[in-house]
Amino acid sequence: MARRTARGAALATAALALVAGTSLAAAASPAPAAPHAPAKHAESIEQLPYPVDPSNNAGWWTPLDVVDGVTYMAFDAPAAEASRHEVHLAAKAADGEWTVGCLRADDGSCATFLDDSGHDQPSIVVDGDGTIHAFVSMHHVPWQYYRSATPGDVTSLVEASADLPDQGVPMTYPVTARGTDGDAYVMVRGGRDEATVRDGRLYRYDTATDAWSRVAVFASGVGYSVYPDDLEVGTDGRLHVLWEWHRWAAGPYRHLGSYAVYDPADDSWHDAAGAPITTPVAPTAGGAVVYQPFRPGETMQSDAPTVQTAKLAVHGDTLAGVVYRYAEAKADGTPDRFDVRFARFDGTAWQRETVIDAESLGDGIDTVAALDATSAAGVTRAYAVVQGTVDGRVRTQVVRAERGLTGGTWRFAGLGDVQVGQQRLAARTLRTGPSAGADVLYLSAAETGPTSGTLFHARVPRTGTPIEGSPLADVVAGLRPR
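The sequence shown lines up with residues 274 to 755 when you count with this note's numbering.
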(Lines of atoms letter the chains of each structure in order from A and count residues from 1; the text may use other names and numbers.)
(Lines give C-alpha, C1' and ligand atoms only; values in the text may rest on other atoms or scores of the structure.)
Protein backbone atom coordinates (compact mmCIF):
# COMPACT_ATOMS: atom_id res chain seq x y z
CA MET A 1 0.00 0.00 0.00
CA ALA A 2 1.36 3.42 -0.91
CA ARG A 3 2.08 5.94 1.80
CA ARG A 4 -0.92 8.09 2.54
CA THR A 5 -0.97 11.85 2.16
CA ALA A 6 -2.75 14.47 4.28
CA ARG A 7 -1.97 12.41 7.35
CA GLY A 8 -2.99 15.04 9.86
CA ALA A 9 -6.38 15.50 8.22
CA ALA A 10 -6.98 11.76 8.07
CA LEU A 11 -6.15 11.28 11.74
CA ALA A 12 -8.25 14.19 12.90
CA THR A 13 -11.21 13.03 10.81
CA ALA A 14 -10.90 9.46 12.06
CA ALA A 15 -10.63 10.52 15.69
CA LEU A 16 -13.83 12.59 15.40
CA ALA A 17 -15.89 10.17 13.32
CA LEU A 18 -15.62 6.87 15.16
CA VAL A 19 -19.28 5.95 15.03
CA ALA A 20 -18.68 2.51 16.52
CA GLY A 21 -17.09 3.85 19.70
CA THR A 22 -18.18 5.77 22.76
CA SER A 23 -17.44 9.49 22.55
CA LEU A 24 -17.87 12.18 25.15
CA ALA A 25 -16.19 15.43 26.03
CA ALA A 26 -14.10 15.60 29.18
CA ALA A 27 -13.22 19.11 30.23
CA ALA A 28 -9.67 19.54 31.47
CA SER A 29 -9.34 21.13 34.86
CA PRO A 30 -6.09 23.01 35.42
CA ALA A 31 -4.20 21.84 38.47
CA PRO A 32 -3.69 24.68 40.93
CA ALA A 33 -0.24 26.19 40.62
CA ALA A 34 1.86 26.85 43.69
CA PRO A 35 1.81 30.54 44.65
CA HIS A 36 5.43 30.98 43.61
CA ALA A 37 5.10 29.13 40.29
CA PRO A 38 4.72 31.31 37.21
CA ALA A 39 1.48 30.73 35.31
CA LYS A 40 3.39 29.80 32.16
CA HIS A 41 4.37 26.52 33.85
CA ALA A 42 0.88 25.57 35.07
CA GLU A 43 -0.06 22.05 34.03
CA SER A 44 -3.51 20.76 33.11
CA ILE A 45 -4.78 17.39 34.29
CA GLU A 46 -7.99 15.58 33.40
CA GLN A 47 -9.40 12.23 34.43
CA LEU A 48 -10.50 9.99 31.59
CA PRO A 49 -14.14 8.89 31.84
CA TYR A 50 -13.18 5.21 31.65
CA PRO A 51 -12.27 2.78 34.48
CA VAL A 52 -8.96 0.92 34.39
CA ASP A 53 -8.26 -2.57 35.66
CA PRO A 54 -6.12 -2.92 38.81
CA SER A 55 -3.55 -4.73 36.63
CA ASN A 56 -2.79 -1.54 34.66
CA ASN A 57 0.71 -1.14 36.13
CA ALA A 58 4.05 -1.37 34.32
CA GLY A 59 7.42 0.32 34.32
CA TRP A 60 8.71 -0.63 30.84
CA TRP A 61 5.64 0.06 28.66
CA THR A 62 4.77 2.69 26.03
CA PRO A 63 0.98 3.01 26.43
CA LEU A 64 0.94 6.60 25.10
CA ASP A 65 1.40 8.17 21.68
CA VAL A 66 0.68 11.62 20.32
CA VAL A 67 0.52 12.36 16.60
CA ASP A 68 -0.99 15.21 14.58
CA GLY A 69 -2.77 16.68 17.58
CA VAL A 70 -4.40 13.39 18.65
CA THR A 71 -3.43 11.67 21.90
CA TYR A 72 -3.74 7.86 22.11
CA MET A 73 -3.79 6.04 25.45
CA ALA A 74 -3.96 2.24 25.86
CA PHE A 75 -4.98 0.60 29.13
CA ASP A 76 -6.14 -2.57 30.79
CA ALA A 77 -9.89 -2.29 31.39
CA PRO A 78 -12.02 -4.46 33.70
CA ALA A 79 -13.46 -7.63 32.18
CA ALA A 80 -16.50 -9.61 33.30
CA GLU A 81 -14.39 -12.67 34.08
CA ALA A 82 -12.26 -12.67 37.23
CA SER A 83 -8.49 -12.41 36.84
CA ARG A 84 -8.83 -11.19 33.26
CA HIS A 85 -8.95 -7.78 31.57
CA GLU A 86 -9.77 -6.20 28.23
CA VAL A 87 -7.42 -3.80 26.45
CA HIS A 88 -8.97 -0.47 25.48
CA LEU A 89 -7.61 2.45 23.48
CA ALA A 90 -8.82 6.00 24.01
CA ALA A 91 -8.18 8.85 21.56
CA LYS A 92 -8.37 12.52 22.49
CA ALA A 93 -8.95 14.65 19.40
CA ALA A 94 -7.57 18.14 18.99
CA ASP A 95 -10.93 19.57 20.09
CA GLY A 96 -10.68 17.70 23.42
CA GLU A 97 -13.25 14.98 22.72
CA TRP A 98 -12.49 11.40 23.77
CA THR A 99 -13.36 8.24 21.84
CA VAL A 100 -12.72 4.69 23.09
CA GLY A 101 -12.62 1.21 21.60
CA CYS A 102 -11.40 -2.25 22.58
CA LEU A 103 -9.22 -4.83 20.90
CA ARG A 104 -11.54 -7.19 19.04
CA ALA A 105 -11.69 -10.99 19.12
CA ASP A 106 -12.57 -12.93 15.95
CA ASP A 107 -16.26 -12.90 16.87
CA GLY A 108 -16.30 -9.12 17.27
CA SER A 109 -16.40 -9.12 21.06
CA CYS A 110 -13.77 -7.44 23.20
CA ALA A 111 -10.78 -9.76 23.58
CA THR A 112 -9.73 -10.61 27.14
CA PHE A 113 -6.31 -11.36 28.59
CA LEU A 114 -4.90 -12.75 31.83
CA ASP A 115 -4.10 -10.29 34.61
CA ASP A 116 -0.39 -10.10 35.41
CA SER A 117 0.44 -6.74 36.91
CA GLY A 118 3.77 -5.43 35.65
CA HIS A 119 4.02 -7.93 32.79
CA ASP A 120 0.89 -8.07 30.60
CA GLN A 121 0.31 -4.40 29.87
CA PRO A 122 -0.09 -2.77 26.42
CA SER A 123 2.35 -0.77 24.33
CA ILE A 124 1.20 1.17 21.27
CA VAL A 125 2.59 3.22 18.41
CA VAL A 126 0.87 5.11 15.60
CA ASP A 127 2.83 4.99 12.37
CA GLY A 128 3.15 7.79 9.82
CA ASP A 129 0.11 6.57 7.91
CA GLY A 130 -2.05 6.71 11.04
CA THR A 131 -2.22 2.94 11.57
CA ILE A 132 -2.34 2.04 15.26
CA HIS A 133 -0.16 -0.88 16.37
CA ALA A 134 -0.75 -2.53 19.77
CA PHE A 135 1.33 -5.19 21.51
CA VAL A 136 -0.47 -6.70 24.49
CA SER A 137 -0.23 -9.33 27.22
CA MET A 138 3.19 -10.53 26.09
CA HIS A 139 4.90 -12.19 29.05
CA HIS A 140 7.07 -14.92 27.51
CA VAL A 141 4.47 -15.86 24.91
CA PRO A 142 4.41 -15.63 21.09
CA TRP A 143 3.37 -12.33 19.52
CA GLN A 144 0.04 -10.85 20.60
CA TYR A 145 -0.31 -7.97 18.18
CA TYR A 146 -3.30 -5.93 16.98
CA ARG A 147 -3.52 -3.34 14.22
CA SER A 148 -6.20 -0.84 13.24
CA ALA A 149 -8.07 -1.44 10.00
CA THR A 150 -8.73 2.29 9.61
CA PRO A 151 -6.14 5.02 10.27
CA GLY A 152 -6.61 6.62 13.68
CA ASP A 153 -9.63 4.45 14.51
CA VAL A 154 -9.34 3.05 18.03
CA THR A 155 -12.44 0.89 17.44
CA SER A 156 -11.00 -1.05 14.51
CA LEU A 157 -8.06 -2.95 16.01
CA VAL A 158 -7.99 -6.67 15.18
CA GLU A 159 -5.35 -9.33 15.68
CA ALA A 160 -2.52 -9.46 13.14
CA SER A 161 0.07 -11.47 15.08
CA ALA A 162 0.84 -13.69 12.10
CA ASP A 163 2.30 -10.69 10.23
CA LEU A 164 5.38 -10.53 12.47
CA PRO A 165 8.67 -12.41 11.96
CA ASP A 166 10.05 -15.04 14.34
CA GLN A 167 6.76 -16.81 14.90
CA GLY A 168 6.63 -19.04 17.96
CA VAL A 169 9.41 -17.25 19.85
CA PRO A 170 8.25 -16.24 23.35
CA MET A 171 8.31 -12.42 23.55
CA THR A 172 8.25 -10.09 26.56
CA TYR A 173 8.22 -6.34 27.33
CA PRO A 174 7.32 -4.71 23.99
CA VAL A 175 8.53 -1.08 23.83
CA THR A 176 7.60 1.02 20.79
CA ALA A 177 8.59 4.15 18.86
CA ARG A 178 7.84 5.92 15.57
CA GLY A 179 10.65 6.79 13.18
CA THR A 180 11.01 10.21 11.58
CA ASP A 181 10.00 8.58 8.28
CA GLY A 182 6.80 7.23 9.84
CA ASP A 183 7.91 3.61 10.18
CA ALA A 184 7.03 1.89 13.46
CA TYR A 185 9.50 0.07 15.70
CA VAL A 186 9.12 -2.40 18.55
CA MET A 187 11.86 -3.61 20.90
CA VAL A 188 11.25 -6.87 22.77
CA ARG A 189 12.99 -9.61 24.67
CA GLY A 190 12.97 -12.88 22.75
CA GLY A 191 13.24 -16.16 24.63
CA ARG A 192 15.50 -19.01 23.54
CA ASP A 193 15.42 -20.93 26.78
CA GLU A 194 16.74 -24.11 25.25
CA ALA A 195 20.00 -22.14 24.82
CA THR A 196 19.64 -20.29 28.17
CA VAL A 197 19.33 -17.01 26.26
CA ARG A 198 16.73 -14.24 26.37
CA ASP A 199 17.97 -11.64 23.93
CA GLY A 200 17.08 -8.09 22.91
CA ARG A 201 15.43 -7.69 19.50
CA LEU A 202 14.40 -4.74 17.33
CA TYR A 203 11.71 -4.94 14.60
CA ARG A 204 10.47 -2.39 12.06
CA TYR A 205 7.14 -1.91 10.28
CA ASP A 206 7.73 -0.37 6.84
CA THR A 207 4.77 1.83 5.90
CA ALA A 208 5.77 1.67 2.23
CA THR A 209 5.27 -2.10 2.14
CA ASP A 210 3.02 -2.59 5.17
CA ALA A 211 5.37 -5.34 6.37
CA TRP A 212 7.31 -6.15 9.53
CA SER A 213 10.95 -7.26 9.50
CA ARG A 214 13.59 -7.95 12.11
CA VAL A 215 16.22 -5.19 12.27
CA ALA A 216 18.59 -6.98 14.63
CA VAL A 217 19.14 -9.13 17.64
CA PHE A 218 20.95 -6.22 19.28
CA ALA A 219 21.96 -7.76 22.63
CA SER A 220 22.55 -11.37 23.59
CA GLY A 221 24.62 -13.62 25.83
CA VAL A 222 24.47 -17.27 26.88
CA GLY A 223 23.21 -17.40 30.45
CA TYR A 224 21.82 -13.86 30.30
CA SER A 225 18.47 -12.11 29.90
CA VAL A 226 17.84 -8.69 28.40
CA TYR A 227 15.28 -6.34 29.99
CA PRO A 228 14.08 -3.67 27.51
CA ASP A 229 13.68 -0.24 29.09
CA ASP A 230 13.13 2.44 26.47
CA LEU A 231 13.25 3.29 22.78
CA GLU A 232 13.37 6.91 21.58
CA VAL A 233 13.88 8.44 18.12
CA GLY A 234 15.92 11.61 17.73
CA THR A 235 15.11 14.33 15.22
CA ASP A 236 17.87 12.93 13.01
CA GLY A 237 16.06 9.58 12.74
CA ARG A 238 18.47 7.59 14.90
CA LEU A 239 17.01 5.22 17.49
CA HIS A 240 18.27 5.42 21.07
CA VAL A 241 18.01 1.97 22.69
CA LEU A 242 18.08 1.30 26.45
CA TRP A 243 18.16 -2.00 28.32
CA GLU A 244 19.39 -3.88 31.42
CA TRP A 245 20.91 -7.33 31.96
CA HIS A 246 20.02 -10.14 34.34
CA ARG A 247 21.28 -13.66 34.74
CA TRP A 248 19.09 -16.12 32.87
CA ALA A 249 16.19 -16.55 33.23
CA ALA A 250 14.50 -13.68 35.10
CA GLY A 251 14.41 -11.59 38.25
CA PRO A 252 13.60 -8.13 39.61
CA TYR A 253 17.15 -6.97 40.41
CA ARG A 254 19.11 -6.24 37.23
CA HIS A 255 22.57 -4.98 36.37
CA LEU A 256 24.68 -3.20 33.74
CA GLY A 257 22.34 -0.49 32.51
CA SER A 258 23.18 -0.30 28.79
CA TYR A 259 22.67 2.06 25.86
CA ALA A 260 23.27 2.00 22.11
CA VAL A 261 22.20 3.96 19.03
CA TYR A 262 20.84 2.48 15.81
CA ASP A 263 20.97 4.48 12.56
CA PRO A 264 18.46 3.16 10.02
CA ALA A 265 20.06 5.30 7.29
CA ASP A 266 23.00 2.88 7.05
CA ASP A 267 21.90 0.04 9.35
CA SER A 268 24.72 0.81 11.80
CA TRP A 269 25.06 0.68 15.60
CA HIS A 270 27.14 2.96 17.83
CA ASP A 271 27.89 3.49 21.51
CA ALA A 272 27.41 6.73 23.45
CA ALA A 273 30.79 8.03 22.23
CA GLY A 274 29.78 7.49 18.60
CA ALA A 275 32.13 4.53 18.11
CA PRO A 276 30.79 1.70 15.94
CA ILE A 277 29.72 -1.46 17.73
CA THR A 278 28.89 -4.94 16.51
CA THR A 279 25.58 -6.58 17.35
CA PRO A 280 24.56 -8.50 19.25
CA VAL A 281 26.11 -6.51 22.09
CA ALA A 282 27.43 -8.84 24.80
CA PRO A 283 26.95 -8.26 28.54
CA THR A 284 30.74 -7.92 28.73
CA ALA A 285 30.78 -4.99 26.26
CA GLY A 286 31.54 -2.34 28.89
CA GLY A 287 32.90 1.06 27.89
CA ALA A 288 30.55 3.73 26.56
CA VAL A 289 27.75 1.15 26.17
CA VAL A 290 27.29 0.78 29.95
CA TYR A 291 25.94 3.81 31.81
CA GLN A 292 25.81 1.96 35.15
CA PRO A 293 28.69 -0.53 35.52
CA PHE A 294 29.22 -3.10 38.23
CA ARG A 295 30.06 -1.69 41.65
CA PRO A 296 32.58 -3.38 43.98
CA GLY A 297 31.25 -6.78 44.97
CA GLU A 298 28.47 -6.72 42.37
CA THR A 299 28.12 -9.61 39.93
CA MET A 300 25.40 -10.89 37.67
CA GLN A 301 24.66 -13.49 40.34
CA SER A 302 24.11 -10.95 43.14
CA ASP A 303 20.89 -9.12 43.89
CA ALA A 304 22.49 -5.79 44.73
CA PRO A 305 23.73 -3.25 43.89
CA THR A 306 21.02 -3.21 41.26
CA VAL A 307 19.39 -1.27 38.44
CA GLN A 308 15.61 -1.37 38.02
CA THR A 309 13.71 0.55 35.36
CA ALA A 310 15.27 3.26 33.18
CA LYS A 311 14.15 5.88 30.65
CA LEU A 312 15.80 8.07 28.03
CA ALA A 313 15.78 11.85 27.76
CA VAL A 314 16.61 12.75 24.14
CA HIS A 315 16.99 16.46 23.33
CA GLY A 316 16.50 16.88 19.59
CA ASP A 317 19.09 14.53 18.12
CA THR A 318 21.25 14.31 21.26
CA LEU A 319 21.05 12.14 24.36
CA ALA A 320 20.47 14.39 27.38
CA GLY A 321 20.73 11.48 29.80
CA VAL A 322 19.24 8.37 31.36
CA VAL A 323 16.95 8.40 34.40
CA TYR A 324 16.93 5.13 36.34
CA ARG A 325 16.32 3.50 39.71
CA TYR A 326 19.35 2.23 41.57
CA ALA A 327 19.88 0.59 44.95
CA GLU A 328 23.08 -0.16 46.83
CA ALA A 329 23.47 -3.43 48.73
CA LYS A 330 22.65 -3.79 52.42
CA ALA A 331 24.92 -5.84 54.66
CA ASP A 332 22.95 -9.01 53.93
CA GLY A 333 23.30 -8.53 50.15
CA THR A 334 19.69 -7.50 49.57
CA PRO A 335 18.85 -4.17 47.86
CA ASP A 336 18.65 -1.04 49.96
CA ARG A 337 16.07 1.63 49.14
CA PHE A 338 15.96 2.66 45.49
CA ASP A 339 17.22 6.12 44.56
CA VAL A 340 16.36 7.86 41.29
CA ARG A 341 19.59 8.55 39.42
CA PHE A 342 20.63 10.38 36.27
CA ALA A 343 23.50 9.39 33.97
CA ARG A 344 24.80 11.57 31.15
CA PHE A 345 27.64 11.03 28.71
CA ASP A 346 29.99 14.03 28.73
CA GLY A 347 31.75 13.08 25.49
CA THR A 348 34.35 10.97 27.25
CA ALA A 349 32.65 9.02 30.03
CA TRP A 350 29.34 8.49 31.78
CA GLN A 351 28.72 10.81 34.73
CA ARG A 352 26.22 9.66 37.35
CA GLU A 353 24.33 11.59 40.03
CA THR A 354 21.38 11.18 42.38
CA VAL A 355 18.14 13.00 41.62
CA ILE A 356 16.01 11.58 44.46
CA ASP A 357 17.86 10.15 47.47
CA ALA A 358 15.49 7.64 49.06
CA GLU A 359 17.08 8.13 52.48
CA SER A 360 16.27 11.84 52.32
CA LEU A 361 12.57 11.01 51.99
CA GLY A 362 12.49 9.71 55.55
CA ASP A 363 11.19 6.49 57.05
CA GLY A 364 8.37 4.75 55.20
CA ILE A 365 8.74 6.72 51.94
CA ASP A 366 10.18 5.07 48.83
CA THR A 367 10.40 5.43 45.08
CA VAL A 368 8.66 2.79 42.94
CA ALA A 369 9.31 1.28 39.52
CA ALA A 370 7.66 4.10 37.59
CA LEU A 371 9.81 6.58 35.68
CA ASP A 372 9.99 8.59 32.51
CA ALA A 373 12.15 11.40 31.18
CA THR A 374 11.96 14.14 28.55
CA SER A 375 14.19 16.93 27.28
CA ALA A 376 13.32 19.90 25.06
CA ALA A 377 13.73 23.68 24.86
CA GLY A 378 16.80 23.55 27.08
CA VAL A 379 15.04 21.79 29.97
CA THR A 380 15.41 18.14 31.03
CA ARG A 381 12.70 16.52 33.14
CA ALA A 382 12.53 13.33 35.19
CA TYR A 383 9.17 11.98 36.29
CA ALA A 384 8.98 9.51 39.18
CA VAL A 385 6.47 8.03 41.60
CA VAL A 386 7.03 8.10 45.37
CA GLN A 387 4.94 6.09 47.84
CA GLY A 388 4.18 5.99 51.53
CA THR A 389 1.60 4.41 53.84
CA VAL A 390 -1.03 6.58 55.48
CA ASP A 391 -3.74 5.12 57.74
CA GLY A 392 -2.76 1.63 56.65
CA ARG A 393 -3.11 2.31 52.91
CA VAL A 394 -0.46 2.85 50.29
CA ARG A 395 -0.57 6.33 48.80
CA THR A 396 1.47 7.66 45.90
CA GLN A 397 2.55 11.00 44.45
CA VAL A 398 3.95 11.72 40.99
CA VAL A 399 7.08 13.89 41.30
CA ARG A 400 8.47 16.09 38.55
CA ALA A 401 12.13 17.06 38.68
CA GLU A 402 13.67 19.41 36.15
CA ARG A 403 16.73 21.47 35.42
CA GLY A 404 18.52 23.12 32.53
CA LEU A 405 20.04 21.01 29.79
CA THR A 406 23.58 21.96 30.77
CA GLY A 407 23.14 20.91 34.40
CA GLY A 408 22.50 22.63 37.69
CA THR A 409 20.27 21.88 40.65
CA TRP A 410 17.23 19.66 40.21
CA ARG A 411 13.99 21.42 41.12
CA PHE A 412 10.92 19.54 42.29
CA ALA A 413 7.16 19.82 42.02
CA GLY A 414 4.26 17.43 42.44
CA LEU A 415 2.12 16.47 39.47
CA GLY A 416 -1.50 15.76 40.26
CA ASP A 417 -2.95 14.76 43.60
CA VAL A 418 -1.88 12.06 46.01
CA GLN A 419 -3.63 8.85 44.95
CA VAL A 420 -4.59 5.70 46.84
CA GLY A 421 -2.59 2.68 45.67
CA GLN A 422 0.07 2.39 43.01
CA GLN A 423 0.63 4.83 40.16
CA ARG A 424 2.47 4.28 36.90
CA LEU A 425 3.20 6.76 34.12
CA ALA A 426 4.49 7.50 30.63
CA ALA A 427 5.51 10.78 29.00
CA ARG A 428 5.89 12.17 25.48
CA THR A 429 7.08 15.59 24.29
CA LEU A 430 5.24 17.45 21.52
CA ARG A 431 7.85 18.31 18.90
CA THR A 432 5.78 20.36 16.46
CA GLY A 433 2.86 22.76 16.46
CA PRO A 434 1.95 25.66 18.75
CA SER A 435 2.51 23.54 21.88
CA ALA A 436 5.93 22.23 20.84
CA GLY A 437 8.04 21.42 23.89
CA ALA A 438 5.07 20.56 26.12
CA ASP A 439 4.99 17.16 27.77
CA VAL A 440 1.92 14.94 27.52
CA LEU A 441 1.63 12.39 30.33
CA TYR A 442 -0.26 9.20 31.01
CA LEU A 443 -0.91 8.71 34.74
CA SER A 444 -2.42 5.40 35.82
CA ALA A 445 -3.83 5.14 39.33
CA ALA A 446 -5.21 1.63 38.99
CA GLU A 447 -6.15 0.99 42.62
CA THR A 448 -8.23 4.00 43.58
CA GLY A 449 -11.45 2.00 43.82
CA PRO A 450 -12.39 -1.43 45.19
CA THR A 451 -12.46 -3.10 41.76
CA SER A 452 -11.07 -0.54 39.32
CA GLY A 453 -8.94 2.57 39.09
CA THR A 454 -8.57 5.82 37.22
CA LEU A 455 -6.48 7.15 34.36
CA PHE A 456 -5.35 10.74 33.91
CA HIS A 457 -4.12 12.75 30.94
CA ALA A 458 -1.78 15.59 31.82
CA ARG A 459 -0.08 18.33 29.87
CA VAL A 460 2.96 20.15 31.27
CA PRO A 461 4.15 23.17 29.24
CA ARG A 462 7.83 23.89 28.77
CA THR A 463 9.12 27.39 28.14
CA GLY A 464 12.85 26.82 28.47
CA THR A 465 13.17 28.00 32.08
CA PRO A 466 13.13 25.46 34.94
CA ILE A 467 10.45 25.88 37.58
CA GLU A 468 11.32 27.59 40.84
CA GLY A 469 10.41 24.36 42.58
CA SER A 470 9.72 23.30 46.15
CA PRO A 471 11.69 21.22 48.66
CA LEU A 472 11.20 17.54 47.88
CA ALA A 473 10.07 16.94 51.46
CA ASP A 474 7.18 19.35 50.88
CA VAL A 475 6.24 17.71 47.56
CA VAL A 476 5.82 14.30 49.23
CA ALA A 477 4.38 15.58 52.53
CA GLY A 478 0.99 14.06 51.71
CA LEU A 479 2.56 10.57 51.93
CA ARG A 480 3.35 10.90 55.63
CA PRO A 481 0.99 9.97 58.47
CA ARG A 482 -0.53 13.05 60.05
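Built from N, CA and C at the ideal position, the CB exists for glycine as well. Computed from a predicted structure; not experimentally measured.
Exercise. So what's Ala746 in DSSP terms, helix, strand or just coil?
Worked result: helix
Exercise. Along the chain, where does the beta strand (DSSP E) that runs through Arg610 open and close?
Worked result: No beta strand (DSSP E) contains Arg610, which DSSP labels as neither H nor E.
Exercise. Is Val495 helix, strand or coil by DSSP?
Worked result: coil
For this session: Sort out for me which residues DSSP pairs Met444 with in a bridge.
Result: Val414 and Gly463
For this session: Please report how far the alpha carbon of Leu430 lies from the alpha carbon of Asp349, in whole angstroms.
Result: 15 Å
Problem set entry | Those runs of the beta strand (DSSP E) which lie wholly inside the region 584-645 and span at least 3 residues | Those beta strand (DSSP E) runs which fall completely within the region 584-645 and span 3+ residues are 591-600, 612-618 and 623-629.
Exercise. With burial defined as no fewer than 16 other Cβ atoms inside 10 Å of the residue's Cβ, what is the status of Val343: buried or exposed?
Worked result: Flag for Val343 reads buried.
Exercise. Given that a residue counts as buried once 16 or more other Cβ atoms are within 10 Å of its Cβ, and exposed if not, what is Gln581?
Worked result: Result: buried.
For this session: Kindly list the residues whose CB is nearer than 6 Å to the CB of Arg474, restricted to its own chain and excluding five residues on each side of it in sequence; keep chain order.
Result: Val461, Gly463 and Val490
For this session: Have a look at Asp388 and Ser708 and give me their C-alpha separation to the nearest angstrom.
Result: 37 Å
For this session: Find the nearest neighbour of Leu529 within the set Pro537, Asp536, Arg520 and Tyr535, judged by alpha-carbon distance.
Result: Here the closest residue by C-alpha is Arg520.
Exercise. Can you tell me the Cα-Cα spacing of Gly665 and Ala331, whole angstroms?
Worked result: 24 Å
Exercise. Where DSSP assigns a beta bridge to Ala486, which residues make up the other side?
Worked result: One point to set straight first is that residue 486 is Ser, not Ala, in the sequence displayed. Ser486 is bridged to Arg477.
For this session: Using only the heavy atoms of the ligand NAP, determine whether one of them is closer than 7 Å to the beta carbon of Ala353.
Result: The ligand NAP is not part of this structure, which contains no ligands at all.
Problem set entry | Beta-carbon contacts of Met346 that lie in its chain and below 6 Å, excluding the five residues immediately before and after | Leu337, Ala363 and Tyr715
Problem set entry | Sequence-distant residues of the same chain with beta carbon closer than 7 Å to Thr647, five excluded per side | Ala586, Arg654, Ala700, Thr702 and Asp712
Exercise. Among residues of its own chain, excluding the 5 on either side of Ala548, which ones have a beta-carbon nearer than 7 Å to its beta-carbon?
Worked result: Ala561
Exercise. Using 8 Å as the limit for Cβ to Cβ distance, is Asp605 near chain E?
Worked result: Of the chains in the structure shown, none is chain E; there is only one protein chain.
Exercise. Per DSSP, what kind of secondary structure is Ala347 in: helix, strand or coil?
Worked result: Strand at Ala347.
Problem set entry | Between the CA atoms of Ile550 and Gly637 - distance to the nearest angstrom | 44 Å
For this session: Look at the Cβ atom of Thr482, then the Cβ atom of Ile397, and state whether they are nearer than 8 Å.
Result: no
Problem set entry | Through-space distance from Thr449 to Thr508, alpha-carbon basis | Computed Cα separation, rounded: 16 Å.
Problem set entry | Tyr260, enclosing beta strand (DSSP E) - first and last residue | Only positions 274 to 755 of the chain appear in this structure, which leaves residue 260 out of reach.
Exercise. Are Arg676 and Pro739 touching if we call contact CB-CB under 8 Å?
Worked result: Cβ distance < 8 Å, so Arg676 and Pro739 count as in contact.
Exercise. Quick one: what does DSSP say Ala468 is sitting in, helix, strand or coil?
Worked result: Correct three-state label for Ala468: helix.
Problem set entry | Coarse secondary structure for Leu703, derived from DSSP in three states | coil
Problem set entry | Close beta carbons around Ala631, own chain, < 7 Å, minus the five adjacent residues each side | Arg610, Phe611, Asp612, Asp639 and Thr640
For this session: Check whether the Cβ atoms of Asp624 and Arg617 lie closer than 8 Å to each other.
Result: According to the sequence displayed, residue 624 carries Gln and not Asp. In contact: Gln624 and Arg617 (Cβ atoms closer than 8 Å).
Exercise. For Gly742 versus Ala650, is the C-beta distance shorter than 8 Å?
Worked result: No, the pair does not count as a contact, with Cβ atoms beyond the cut-off.
Problem set entry | C-alpha gap between Ala593 and Asp536, whole angstroms | 18 Å
Problem set entry | Other residues of its chain near Val340: CB distance less than 6 Å, five sequence neighbours each side excluded | Val399
Exercise. Measuring CA to CA, which of Leu512, Gln574 and Tyr476 is closest to Thr453?
Worked result: Leu512
For this session: Measuring alpha carbon to alpha carbon, tell me which of Ala538, Trp683 and Ala523 ends up nearest Val596.
Result: That would be Trp683, whose Cα lies nearest to the Cα of Val596.
Exercise. In chain order, which continuous runs of the beta strand (DSSP E) of length 3 or greater are located wholly inside the region 364-391?
Worked result: 370-375 and 385-387
Exercise. Quick one: Cα of Val659 to Cα of Ser434, how far?
Worked result: Distance between the alpha carbons of Val659 and Ser434 is about 37 Å.
Exercise. Helix or strand or just coil, what does DSSP make of Leu716?
Worked result: strand
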